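For reference, the structure is listed below as structure tokens.
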Amino acid sequence: MTVSLEQLRRCHVAVDLGAARTRVFVKGAGLVVDEPSVAAVNTRNGALIAVGEFAQKMTGRTPDYIRVVRPVSGGTVVDIEMAQRMLRHLLGEKLRRQLRRKPRLRAAACTPHESDPLAQRATVETLVGLGARRVELVDTLIAAAVGCGLPVEQPTATMIMVCGAASTQVAVLSLGSIVTAVRIPVGGEAVDHAVIQHLRHQHALMLPSQSVRPLQVALSENGLILQGPDSTEIHGRDVATGLPRSVKVATAAVRDAIHTPLTAVLDGIGKILRECPPDLVADLADRGIMMVGGSALLPGFDQMLRDATGMPVHIAERPDVCAVLGLGAMLDGNVQAMVLDPLTA
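Following the numbering used here, the numbering of the sequence shown begins with 45 at its first residue and continues without gaps.
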């Protein structure tokens, strides 16, 4: 692991700053924050109007002087000051007062695999601005693997796939470390964009930003699976006239549109298997792939992977919060490292 378990046990709070949602785990209290990483700002005076769920509902529905911003993009903090303000309001005054009582507040945070030093520094500065004296960074892949109960510290191969909003990370773990990993710039947002572009090009229909997820839910009976109704009715705005219009959309066509960005994920898995040692690949044939992250719940995604790889594919019990729960398990001391003592002659 990038950080020793002993250092993580000294931390008081764990933060997962995701592109879609922000989650905070407090030692002794559990998961206390699970809200969208969105903030609404009054551009006239700079005041923060709303954060989290309410700010997300305001997306696309605000007057000119209110701007809805996302301070985290692709798992990287792009606006440190706004991220700090958002976190302060998500934590609330009572919880912040409890954390300020800690004489030397330590925090742990998830970082995407192979994130650059500037991205890591932005995460550290965000938490230092909230009062943390020291910040430990943990690879999201390892935190998610711990959170979904994989035997990370054992000398057996485990494959983890973190399906995030902006990217998908795939890795093979053994003995508490990453053997090989790849980060693919395709996530839930790319799937949403593919659906929007399909409706725009094929039906001249602009779909409201808030309607992409409900559309996927409407197709959830089939999604990537060849089941369910042949078509569904979608409401949006006509590209040419700007008037509201409804169209019947063939679910097979939407399924093909969703498949297109996900082929990059299949290519990434193939690359991982080619780079992995043969002994570990043999373990993966039995253990399969564990899917975590919010986009892992895309209907039929797991079956698509089974058909493409021929390996067992499992979805974690709580895939969306595995990373922060894994960090929390490390903070609580529930993870025991395998000690490899040097042999003496």
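Don't be surprised by glycine CBs; every beta carbon is placed ideally from N, CA and C. Just so you know, these numbers come straight off a predicted model, no measurement behind them.
Under the DSSP assignment, Thr285 falls outside any beta strand (DSSP E); it carries neither an H nor an E label. Between Ala166 and Leu174, the alpha-carbon positions lie close to 13 angstroms from each other.
Taking the Cα positions, Gly191 is about 23 angstroms away from Ser117. By the CB criterion at 8 angstroms, Asp346 and Val336 fall outside the cutoff. Taking 3 residues as the shortest admissible run, the segment 81 to 169 contains the following complete beta strand (DSSP E) segments, listed from N- to C-terminal end: 83 to 86, 92 to 95, 110 to 113 and 150 to 155. Approximately 5 angstroms separates the beta-carbon atoms of Val112 and Ala84; this is inside 8 angstroms, confirming the contact. In the displayed model, Val230 falls within coil according to three-state DSSP, outside both helix and strand.
Val325 sits in a helix when the DSSP states are folded into three classes. By the beta-carbon neighbour count (other beta carbons within 10 angstroms, threshold 16), Pro321 is exposed.
Residue pairing by DSSP places Asp183 opposite Thr155 in a beta bridge. Considering only Leu243, Gly96 and Asp183, the residue with the shortest C-alpha distance to Ala163 is Asp183.
Taking C-beta atoms under 8 angstroms as the contact rule, Pro305 and Ala238 qualify, at a distance of about 5 angstroms. Per DSSP, the continuous alpha helix (DSSP H) segment holding Cys366 begins and ends at Cys366 to Leu375. In the structure shown, Asp300 adopts helical secondary structure according to DSSP, grouped into three states. Here Ser221 carries a strand assignment [DSSP, helix/strand/coil]. Going by beta carbons, Val214 and Ile359 fall outside the 8 angstroms limit. For Asp60, the enclosing beta strand (DSSP E) starts and ends at Val57 to Leu61. Under the 8 angstroms Cβ criterion, the segment 89 to 108 does not count as touching the segment 135 to 147, having fewer than three qualifying pairs. At the C-beta level, Met348 and Ala329 stay beyond 8 angstroms of one another. Using a 10 angstroms sphere on the CB of Arg145, the tally of other CB atoms stays under 16, which defines it as exposed.
Contact annotation: Cys154 and Ala340 have beta-carbon atoms that are not nearer than 8 angstroms. Considering only Phe69, Asp236, Ala201 and His245, the residue with the shortest C-alpha distance to Ser221 is Ala201. Taking C-beta atoms as the reference points, Phe69 and Val368 count as a pair closer than 8 angstroms. Met205: member of the beta strand (DSSP E) spanning Thr202 to Cys207, first to last residue.
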